[in-house]
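Residue numbers (the working numbering), protein chains in the order written: chain A, 1 to 387; chain B, 1 to 387; chain C, 1 to 387. Below is one structure, written out as structure tokens; the observations come after it.
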Amino acid sequence: MSVADLQAREPRLEFDLARTGPGTPMGRFMRRFWMPVMRAEDLPKGEARPIRVMSEDFALYRGDSGVAQVIDYRCPHRGAQMHLGWVEADDIRCVYHGWKFDCAGQCIEQPAEEAGFARKMRIGTYPTREFMGLIFAYFGDGAPPPFPPYPMPVAEGLIENQAPPLVPCNYLQCFENSLDEVHVAFVHRIGGSHSGIYDLPEIAAEETDWGMIRYGRRGNEERISLHYMPNCTRVIVPPMAGLDGAGGWRELYLAFTPIDDENNMWFITNLVGVTGEAVAPYQQKRAQYLRRQAEAGSALDLAQEVRDGRVRFADIDHPDRVRVQDFAVQAGQGRIADRNNERLGRSDTAIILWRRILERELRAMQTGRAVKEWTPAPEEVVPTLGF
Amino acid sequence: MSVADLQAREPRLEFDLARTGPGTPMGRFMRRFWMPVMRAEDLPKGEARPIRVMSEDFALYRGDSGVAQVIDYRCPHRGAQMHLGWVEADDIRCVYHGWKFDCAGQCIEQPAEEAGFARKMRIGTYPTREFMGLIFAYFGDGAPPPFPPYPMPVAEGLIENQAPPLVPCNYLQCFENSLDEVHVAFVHRIGGSHSGIYDLPEIAAEETDWGMIRYGRRGNEERISLHYMPNCTRVIVPPMAGLDGAGGWRELYLAFTPIDDENNMWFITNLVGVTGEAVAPYQQKRAQYLRRQAEAGSALDLAQEVRDGRVRFADIDHPDRVRVQDFAVQAGQGRIADRNNERLGRSDTAIILWRRILERELRAMQTGRAVKEWTPAPEEVVPTLGF
Amino acid sequence: MSVADLQAREPRLEFDLARTGPGTPMGRFMRRFWMPVMRAEDLPKGEARPIRVMSEDFALYRGDSGVAQVIDYRCPHRGAQMHLGWVEADDIRCVYHGWKFDCAGQCIEQPAEEAGFARKMRIGTYPTREFMGLIFAYFGDGAPPPFPPYPMPVAEGLIENQAPPLVPCNYLQCFENSLDEVHVAFVHRIGGSHSGIYDLPEIAAEETDWGMIRYGRRGNEERISLHYMPNCTRVIVPPMAGLDGAGGWRELYLAFTPIDDENNMWFITNLVGVTGEAVAPYQQKRAQYLRRQAEAGSALDLAQEVRDGRVRFADIDHPDRVRVQDFAVQAGQGRIADRNNERLGRSDTAIILWRRILERELRAMQTGRAVKEWTPAPEEVVPTLGF
């Protein structure tokens, strides 16, 4: 597929690729994959939390065995929120009238009801797994796909998961930004941390069995980034401004989970290439950065001020400057970006190809034709330095 | 009606019992009763306030005679809010152009208009009464029903009205919670103030001329609670955590006034059984409690944090702990609870009967058949200790 | 047209005069005029801001030449907000991928695209002018009308533009309030600054080539105020409470720009009649007032507290007391006032005439008949003291 061919394409999309609620075409597609829903470190044993994924609510808890459990949001009795309840061993008891469900969803106790009623009652449950510090859940029909959905980094180092921000726009514009190497030279020009990747690449992209490879060509150099179906990008980028270079460039897995159509959560897993004696000084530097980050106030709030015209984009100053710049621009496209009034060009090659893949799959689902069986990505395909 | 019969019942409701706006079936039913709208102590002479009841706005003021007046929210001239105006004797003057209305709604002055125009102008007025420290209003057609709608407590003691919270959910799930004795053993388990009523009752319920009696049977003991049509429950319960037992168990009248379909206000009248020399030390203790309550911050905000998963239900610590627990669970059912996906059981007997009564009455109203003439409750029917 | 004739009129309006979004009758009418959009002092050279006018978003920037530019809100490429970009000379460059547009809207650079693509790309631009410290823009079809839309004050003095508040209601009820001399005697009774104009006038009004003249007759005295089509009122009024009379009565141009149907921005230009040696002490007094104003907190927030019944209208105490009173009453009519349930009288003569003019024009536009060609107002028609 030539660039000219891509550019000639009528940009009007056949499907709404942004909306992922139950029953929508894109929602059905996305529910065929594992979806990160929370950092493992944010769910201690014995605790429960409400979560929202693709416009549906659930409860997430972790029992004594340490396994995270995802169940329906509401008790089938009178609709109480299940995360208000008590975790007992690997079971959960509703706060309202004490109905207790095991982790397979079977009601096993109803203190104030007649015997026999409990066994007729079930609550929905959803498969979970953990990988690189994240809890994943599967919300589709039938058996979930292989796990993990993508390989660990091959290099040694520290795995860090940033506290996941809830970004006030649709997941797809954030994911598409991660396909878009050219934005770096403009959005992240101010502040310097990304100055190593300001030169403009020629973009190419190629579908694979597990997603898409993107190539950024600059003269003889070619940098590679990976895009795992349906919402995860793997790149190598510089550290946040506030780290002052500590840990150096790191491998990032950026997964964009739709919360609902107008919000998405960024799960960003870092492989920081420090080992052995370098770990302690790095951790000290990182602790300092986290203090500065906490003092600096919310990056999302600052991005909103920029969008409202109260702070200039050029004046963004924050330990997570790159993040604030990204939030401002991506959320600035609107709660749900209008893809039917875009004018795409050569630099949008990767975005165009991704949308074509999605549309082809949604069309196949809609017409009952065979959909592609995506496979886990092989370990040896890795990104190269440079976004 | 046997329990088996109740359980076998298809839970899908024929009427929407939650929505009480003008013209809705439940709205028409509710407008046949007196409705508490404000604490008497919150409306000094000479002042006016905006109120919202069953999705309609009104102005409430108290003139020199001391009688509370409810009138239309907006001036018929150009729609200014009447509560911004001046109370003059028992009349009210609009802030915008000085139109003055007497407490029967007749316009009696229009400073900048021609003579004769005023007498053609009226503003809507609504009957009011006061009882046990609350202002009641009647929003229905024709003459209001007898007043008071329910009797005073027979025991001697202090009447206290708690500052009425605006709870962010439909009134009916809060009222239904007050029919639900079993919730106490679970929702209020933590904190200890209700430990006297943790044992599980068998529930029975019986329609009366004025509403419903609910029975909680525990072995040979039977406790009685009263439910006055359409939205008031009378029970005997322990004091708030922050009172450290002061005043002992008290009789409560809990009236749930719909503000709109997604908000309701709790008017909770306490009869505290202290008399004579016991009053002064009790009042001192209560003043201390009110200070602690003010310092503790909003119980509603804390309940919201619990619902959002930021504070654990088990960690609720507040002088009004029982209230926070109730807010979290009841508002947690959603702004308007979904009654058509419930699975009711034996312990829901009272709720089931109440809904049946409502549906029978709404069906009668809809088909033009005779509706039940509810009578004021007799003084001698009283609740017994224990919720 | 006699007063009796006006009063006899059926108040139901044929057109929705409040809604000004694209394609609405009133929106089409309003887009035939210059509209103030920002204070000139709020847009330094080299900066860009987002603006919203009549339910549409735009970007506003000022390049090196000093000329303010209004362009489309979003980049045609991928929908980024243009005000996030960089102003370069008189051009603007999008923050997302560096597309650069000249101030005529032509795309002149696309760093990562093929040559030839840029010349096919344009961004919408809108004419602008500056006058008495305000930036005006024209959003209609074809050539804009003559500029300025109304004359400068004839008297010498200082031109001051108050920081424009975003008032949470439709523009028309605010503009209509400025036609309404009688409200002063009631809304502004408390606080004293307007005590010179508490006596009630008889109102008359007359259509002109440029809008409407309003007459307030009190015995032998007649005061004149001007209303420039479509949203600007010119009156003479006392200073804000916080100025303690400094500068004396001043000529005000009050322009109400619709932001969307539920919000409008007040552009209030003052001619303060101080000259020569009186300027310095006046400026000192004004600086003091501005400090007090900043300390007093938001006048809009205070007005909201009044509307919610938390602060009494009579207790409003603020350096801009008159403004708080106006905000409370006008926003209190609702986000969009309900004009079809009004009962208008003799004192509403000017409002009635204005609506008749608007309805006549909208009817002409709708049926394709000739609309009135409004002319700029002549310098010699000036308001007289007294609102």
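Just so you know, even glycine gets a beta-carbon here, dropped at the ideal spot from N, CA and C.
With a CB to CB cut of under 6 Å and the five nearest residues on each side skipped, what residues in its chain are close to Glu-359 of chain B? Translated into positions along the second sequence, residue 359 of chain B becomes position 359. Around Glu-359 of chain B: Glu-14 and Phe-15.
Roughly how many angstroms separate the alpha carbons of Arg-363 of chain A and Phe-29 of chain A, rounded to a whole number? Position 363 of the first sequence, counted from the start, is the residue given in the question as residue 363 of chain A. Position 29 of the first sequence, counted from the start, is the residue given in the question as residue 29 of chain A. Whole-angstrom Cα-Cα distance: 11 Å.
Between B:Arg-223, B:Leu-158 and B:Arg-129, which has its C-alpha nearest Phe-33 of chain B's C-alpha? By 1-based counting over the second sequence, the position of residue 33 of chain B is 33. Cα-wise, what sits closest to Phe-33 of chain B is B:Arg-129.
Looking at Ala-163 of chain C and Met-35 of chain C, is the spacing between their C-beta atoms short of 8 Å? Residue 35 of chain C sits at position 35 when you count from the first residue of the third sequence. Residue 163 of chain C sits at position 163 when you count from the first residue of the third sequence. Contact: no.
8 Å Cβ cutoff, Leu-6 of chain B in contact with chain A: Against the second sequence, residue 6 of chain B aligns to sequence position 6. Only weak support exists for where Leu-6 of chain B lies, its pLDDT of 45 falling under 50; the value from the coordinates is given anyway. Output row for Leu-6 of chain B: interface = no.
So with Cβ pairs under 8 Å, would you call His-188 of chain B a contact of chain C? Here the question's residue 188 of chain B lines up with position 188 in the second sequence. It does not; no Cβ of chain C falls within 8 Å.
is_contact[Leu-158 of chain A, chain C] using C-beta, thresh 8 Å: Locating residue 158 of chain A in the first sequence gives position 158, counting from the first residue. Not one chain C Cβ lies under 8 Å of Leu-158 of chain A.
What residues from chain B crowd round Asp-338 of chain C, counting only those whose CB sits closer than 9 Å? Position 338 of the third sequence, counted from the first residue, corresponds to residue 338 of chain C. Ordered by position in chain B, the residues that pass the 9 Å Cβ test against Asp-338 of chain C are Arg-74 and Gly-79.
What residues in its chain sit with their C-beta under 6 Å from that of Ala-18 of chain A, if we drop five residues either side in the sequence? By one-based count along the first sequence, residue 18 of chain A stands at place 18. Closer than 6 Å at the Cβ level, and outside the excluded window around Ala-18 of chain A, lie Asn-170, Leu-172 and Ile-336.
If you draw a straight line from the C-alpha of Ile-259 of chain C to the C-alpha of Pro-145 of chain A, how long is it? Here the question's residue 259 of chain C lines up with position 259 in the third sequence. Here the question's residue 145 of chain A lines up with position 145 in the first sequence. One C-alpha to the other measures close to 50 Å.
Would you decide whether Arg-49 of chain C is buried or exposed? Buried here means 16 or more other CB atoms lie within 10 Å of its CB. If you number the third sequence from 1, residue 49 of chain C lands on position 49. Classification for Arg-49 of chain C: buried.
If you check the beta carbons only, do Val-182 of chain A and Leu-200 of chain A fall under 8 Å apart? As a position in the first sequence, residue 182 of chain A is number 182, starting the count at 1. As a position in the first sequence, residue 200 of chain A is number 200, starting the count at 1. Going by C-beta atoms, Val-182 of chain A is nearer than 8 Å to Leu-200 of chain A.
Just the Cα atoms here: how many angstroms apart are Asp-90 of chain A and Trp-99 of chain A? Position 90 of the first sequence, counting from 1, holds the residue named residue 90 of chain A. Position 99 of the first sequence, counting from 1, holds the residue named residue 99 of chain A. About 14 Å.
In chain order, what residues of the region 362 to 377 of chain C put their CB closer than 9 Å to some CB of chain B? none
Quick check: the Cα distance between Arg-218 of chain B and Asn-231 of chain B, rounded to an integer number of angstroms? On the second sequence, residue 218 of chain B is found 218 positions in, with the first residue counted as 1. On the second sequence, residue 231 of chain B is found 231 positions in, with the first residue counted as 1. Taking the straight line joining both Cα atoms gives about 26 Å.
Pull up the DSSP beta-bridge partners for Pro-50 of chain A, would you. On the first sequence, residue 50 of chain A is found 50 positions in, with the first residue counted as 1. Pro-50 of chain A is bridged to A:Ala-59.
Whole-angstrom distance between Thr-125 of chain B and Trp-210 of chain B, CA atom to CA atom: Locating residue 210 of chain B in the second sequence gives position 210, where the first residue counts as 1. Locating residue 125 of chain B in the second sequence gives position 125, where the first residue counts as 1. The alpha-carbon atoms of Trp-210 of chain B and Thr-125 of chain B are separated by roughly 27 Å.
Suppose you measure from the CA of Gly-66 of chain C to the CA of Ala-40 of chain C; what does that come to, to the nearest Å? Mapped onto the third sequence, residue 66 of chain C falls at position 66. Mapped onto the third sequence, residue 40 of chain C falls at position 40. Rounded to the nearest angstrom, the two C-alpha atoms are 10 Å apart.
So who's on the other strand from Tyr-215 of chain C, going by DSSP bridges? As a working mapping, residue 215 of chain C is identified with position 215 in the third sequence. Answer is C:Ala-204 and C:Ile-224.
In whole angstroms, what is the alpha-carbon distance linking Val-23 of chain A and Thr-384 of chain B? Walking along the first sequence from the start, residue 23 of chain A turns up at place 23. Walking along the second sequence from the start, residue 384 of chain B turns up at place 384. Correcting the residue type first, residue 23 of chain A is Gly in the shown sequence and not Val. If I take the Cα positions, the gap works out to 52 Å.
Helix, strand or coil for Gln-162 of chain C? Go by DSSP, reduced to three states. What you label residue 162 of chain C is simply residue 162 of the third sequence in a count that begins at 1. Gln-162 of chain C: coil per DSSP, three-state reduction.
Specify, as a first and last residue, the run of the beta strand (DSSP E) that Glu-88 of chain B falls within. Counting from one through the second sequence, the residue named residue 88 of chain B turns up at place 88. Note, Glu-88 of chain B: beta strand (DSSP E), 86 to 88.
Have a look at B:Leu-252, B:Ala-246 and B:Ile-316 and flag the residue whose alpha-carbon is nearest the alpha-carbon of Tyr-282 of chain B. As a first step, residue 282 of chain B is located in the second sequence; it is residue number 282 there, counting from the start. Comparing Cα-Cα distances from Tyr-282 of chain B to each of B:Leu-252, B:Ala-246 and B:Ile-316, the minimum goes to B:Ala-246.
Which residues bound the alpha helix (DSSP H) around Pro-25 of chain A? Residue mapping note: residue 25 of chain A aligns to position 25 of the first sequence, counting from 1. Its alpha helix (DSSP H) spans residues 25 to 30.
On the CB-based measure, 16 or more other CB atoms within 10 Å of its CB, does Asn-270 of chain C come out buried or exposed? Walking along the third sequence from the start, residue 270 of chain C turns up at place 270. Asn-270 of chain C is buried by the Cβ-count criterion.
Spell out a yes or no on whether the region 366 to 383 of chain A and the region 145 to 154 of chain A are touching, meaning 3 or more CB-CB pairs, one atom from each, closer than 8 Å. yes
Taking Cβ positions only, does Leu-358 of chain A come closer than 8 Å to chain C? Numbered from its first residue, the first sequence carries residue 358 of chain A at position 358. Answer no: the Cβ-Cβ gap between Leu-358 of chain A and chain C never drops below 8 Å.
Ala-328 of chain A, enclosing alpha helix (DSSP H) - first and last residue: Start at 1 with the first residue of the first sequence, and residue 328 of chain A comes out as number 328. 321 to 331 is the span of the alpha helix (DSSP H), which, as asked, contains Ala-328 of chain A.
If distances are taken between C-alpha atoms only, which option among A:Ala-80, A:Ile-190, A:Ile-92 and A:Phe-327 comes closest to Asn-177 of chain A? Locating residue 177 of chain A in the first sequence gives position 177, counting from the first residue. Among A:Ala-80, A:Ile-190, A:Ile-92 and A:Phe-327, the Cα nearest to that of Asn-177 of chain A is on A:Phe-327.
Using DSSP with H/G/I as helix, E/B as strand and the rest coil, what is Trp-210 of chain C? Numbered from its first residue, the third sequence carries residue 210 of chain C at position 210. Three-state DSSP puts Trp-210 of chain C in coil, outside helix and strand.
Find the nearest neighbour of Gly-273 of chain C within the set C:Arg-119, C:Glu-251 and C:Thr-349, judged by alpha-carbon distance. The sequence position of residue 273 of chain C within the third sequence is 273, counting from 1. Checked all of C:Arg-119, C:Glu-251 and C:Thr-349; the closest Cα to Gly-273 of chain C is C:Glu-251.
Check each residue of the region 109 to 125 of chain A: if its Cβ is closer than 9 Å to any Cβ of chain B, include it; give the result in chain order. Gln-110, Pro-111, Ala-112, Glu-113, Glu-114, Phe-117, Lys-120 and Met-121
Return helix, strand or coil for Leu-17 of chain C, following the three-state DSSP convention. By one-based count along the third sequence, residue 17 of chain C stands at place 17. Three-state DSSP puts Leu-17 of chain C in coil, outside helix and strand.
So with Cβ pairs under 8 Å, would you call Glu-407 of chain A a contact of chain B? The structure shown has nothing for residue 407 of chain A, since chain A only spans 1 to 387.
For Val-44 of chain A, count neighbouring Cβ atoms within 10 angstroms of its own Cβ and tell me buried if that reaches 16, exposed if not. Position 44 of the first sequence holds residue 44 of chain A. A small fix is needed here, since residue 44 of chain A is Pro in this sequence, not Val. Pro-44 of chain A is exposed by the Cβ-count criterion.
Does Pro-281 of chain C get closer than 8 Å to chain A when you measure Cβ to Cβ? Position 281 of the third sequence, counting from 1, holds the residue named residue 281 of chain C. Closer than 8 Å: no.
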